[in-house]
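Peer 1: For reference, the structure I am asking about is given below.
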Amino acid sequence: MTMRLIQLLLFLCLGVQAKAIDYTRYHEQAALARTELLNERLESALSHFDSAFRTYDFKFSADCVTALQTAAALGKEEAMYRYLVYAAQAGVRPECFRSMRALAKYMHTPAWRKFTDSMPVYRQVFLSRVDTALNREFTTRFDREQEAKNGKDMTAYILIVMDNVHRILELAKDGHYPGERQIGPMNAYVATQPRGIPEGPCNAGEILERASLLHHPYSYALLQAYWPALLQRGDVHPNLVCEIYFFNTQFGQRGYDAIRARFKNPPAPIIITDDMIWKAAGDYEVRGADTVARNRQRWYLTPMHTPLGVMQLESKYNIEIATPFGLNAY
Numbered sequence: 013m014t015m016r017l018i019q020l021l022l023f024l025c026l027g028v029q030a031k032a033i034d035y036t037r038y039h040e041q042a043a044l045a046r047t048e049l050l051n052e053r054l055e056s057a058l059s060h061f062d063s064a065f066r067t068y069d070f071k072f073s074a075d076c077v078t079a080l081q082t083a084a085a086l087g088k089e090e091a092m093y094r095y096l097v098y099a100a101q102a103g104v105r106p107e108c109f110r111s112m113r114a115l116a117k118y119m120h121t122p123a124w125r126k127f128t129d130s131m132p133v134y135r136q137v138f139l140s141r142v143d144t145a146l147n148r149e150f151t152t153r154f155d156r157e158q159e160a161k162n163g164k165d166m167t168a169y170i171l172i173v174m175d176n177v178h179r180i181l182e183l184a185k186d187g188h189y190p191g192e193r194q195i196g197p198m199n200a201y202v203a204t205q206p207r208g209i210p211e212g213p214c215n216a217g218e219i220l221e222r223a224s225l226l227h228h229p230y231s232y233a234l235l236q237a238y239w240p241a242l243l244q245r246g247d248v249h250p251n252l253v254c255e256i257y258f259f260n261t262q263f264g265q266r267g268y269d270a271i272r273a274r275f276k277n278p279p280a281p282i283i284i285t286d287d288m289i290w291k292a293a294g295d296y297e298v299r300g301a302d303t304v305a306r307n308r309q310r311w312y313l314t315p316m317h318t319p320l321g322v323m324q325l326e327s328k329y330n331i332e333i334a335t336p337f338g339l340n341a342y
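Residues 13 to 342, numbered by our numbering, are exactly what the sequence shown covers, in order.
This is the structure we're talking about:
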């Protein structure tokens, strides 16, 4: 048997194995970890993060960074080192770690020096996983959209958004949704640094396809049939699905009406029973709370009401949750 044939067989076997991975347990455990954080049960949160990470090679950078800061808040240096490695292998750069207040007192320790010395190895693990060509494509698409958004030609802007979402839908149908698992987080700078984001600031969970999906009024509905499979394969983070849902149903963006006007056959309205946010009016009194609670759990989101919100968690423990959308904010 030739080496080329052996390599082909290995590729096919690994491809089948990759397609069979089910991220349901990952999402369940990560959601429980975030819930425990907002209930101020930090030890329990770390236990759930470990359960989420244990059997999955790909871990969302936002979850790695949240676990890392939680370990720092508890003073658990061994766990910190483990999560530093996970985060680096997920594409988080050293500049991002240096910006975290939770890690400030650890920046001059032998463990930190050991980690930074090994950073090129972890970076290579990350780069060997992502699709560099697809990352380059979506970096270019992101840059074009941001430039058009800040320009005066509204028609050019909405056409770019529509084309980007069409491409995302095309890839989702083909099983290659361009999420973090495929192309890495935005701040990983895989092919090049996106021009639309400033040098320095770190948002570990920011992803290149997010902007277009938020700026298109039908993005959630167009992908509605694909969300369950995308979540199950680990192609998308639950909090992003929640954010897109919210923008499409309750918030809106510049250009929504102009894009709607270009759809001769708009997609069916978002199914009301999929309501995963809140039915708010005036003082944010929750309506249909039981329905919302059930659906939030089904979509791996935290409960609506928790002792702490994400802003309180940050001020009290220096834990800043990346991609916090869908969590109790205050």
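Note that CB positions come from ideal geometry on N, CA and C, so glycine has one too.
In chain order, which continuous runs of the alpha helix (DSSP H) of length 4 or greater are located wholly inside the stretch 113 to 169?
Peer 2: Runs of the alpha helix (DSSP H) inside the stretch 113 to 169: 122 to 141 and 144 to 161.
Peer 1: Out of curiosity, what's the CA-to-CA distance linking G87 and L54?
Peer 2: Distance between the alpha carbons of G87 and L54: 11 Å.
Peer 1: Grab the span of the alpha helix (DSSP H) containing W239 for me, first residue to last.
Peer 2: Taken as a continuous stretch (DSSP letters only), the alpha helix (DSSP H) holding W239 covers W239 to R245.
Peer 1: So, for R193: in the same chain, excluding its five sequence neighbours on each side, which residues have a beta-carbon less than 7 Å away from its beta-carbon?
Peer 2: Within the same chain, R193 has close Cβ partners F70, G246 and D247.
Peer 1: Quick check on this structure: which residue in V173, L235 and G196 has the alpha carbon closest to the alpha carbon of R272?
Peer 2: Closest option to R272, Cα to Cα, is V173.
Peer 1: Rounded to the nearest angstrom, what separates T167 and R153 at their Cα positions?
Peer 2: Rounded to whole angstroms, T167 to R153 spans 16 Å at the Cα level.
Peer 1: For D69, which of helix, strand or coil comes out of DSSP?
Peer 2: Three-state DSSP puts D69 in coil, outside helix and strand.
Peer 1: Contact check, D155 vs P206 under 8 Å by CB: the rounded distance?
Peer 2: The pair is a contact, with the Cβ atoms about 6 Å apart (cut-off 8 Å).
Peer 1: With a threshold of 16 other CB atoms inside 10 Å of the CB of K185, please say whether the residue is buried or exposed.
Peer 2: It counts as exposed.
Peer 1: Rounded to whole angstroms, how far is the Cβ of R113 from the Cβ of M119, which I believe are closer than 8 Å?
Peer 2: Their Cβ separation, rounded to whole angstroms, is 11 Å, which puts R113 and M119 out of contact at 8 Å.
Peer 1: So, is T314 buried or exposed, given that buried needs 16 or more other C-beta atoms within 10 angstroms?
Peer 2: Label assigned to T314: buried.
Peer 1: Rounding to the nearest angstrom, what Cα-Cα distance links K126 and L96 in this structure?
Peer 2: Those two C-alpha atoms are separated by around 11 Å.
Peer 1: Give every residue of the same chain whose Cβ lies closer than 7 Å to the Cβ of M198, excluding the five residues on either side of it in the sequence, and list them in chain order.
Peer 2: Excluding residues within five positions, the ones whose Cβ falls inside 7 Å are P206, I209, E218, I219 and L220.
Peer 1: Report the three-state DSSP secondary structure of M92 (helix, strand or coil).
Peer 2: Three-state result, M92: helix.
Peer 1: Taking the continuous alpha helix (DSSP H) assigned at Y327, which residues delimit it?
Peer 2: Looking at the sequence shown, residue 327 is not Tyr but Ser. Note, S327: alpha helix (DSSP H), V322 to Y329.
Peer 1: For L313, does the three-state DSSP call read helix, strand or coil?
Peer 2: Coil at L313, not helix or strand.
Peer 1: As a quick exercise: from S59, H227, A85 and M316, pick the residue whose alpha carbon is nearest that of E332.
Peer 2: Nearest C-alpha to E332: A85.
Peer 1: Applying the criterion that 16 or more other CB atoms from any shown protein chain within 10 Å of the CB defines a buried residue, is N147 buried or exposed?
Peer 2: That one is buried.
Peer 1: Given that a residue counts as buried once 16 or more other Cβ atoms are within 10 Å of its Cβ, and exposed if not, what is E297?
Peer 2: Bear in mind that the predicted position of E297 carries a pLDDT of just 45, short of 50, making it unreliable; the figure below should be weighed with that in mind. Under this definition E297 is an exposed residue.
Peer 1: Let's see if you can read the secondary structure: which residues bound the alpha helix (DSSP H) around L234?
Peer 2: Looking at the DSSP string, the run of the alpha helix (DSSP H) that includes L234 is S231 to L234.
Peer 1: On the DSSP letters alone, give me the boundaries of the alpha helix (DSSP H) that R266 sits inside.
Peer 2: Careful: R266 lies outside any alpha helix (DSSP H) and carries neither H nor E.
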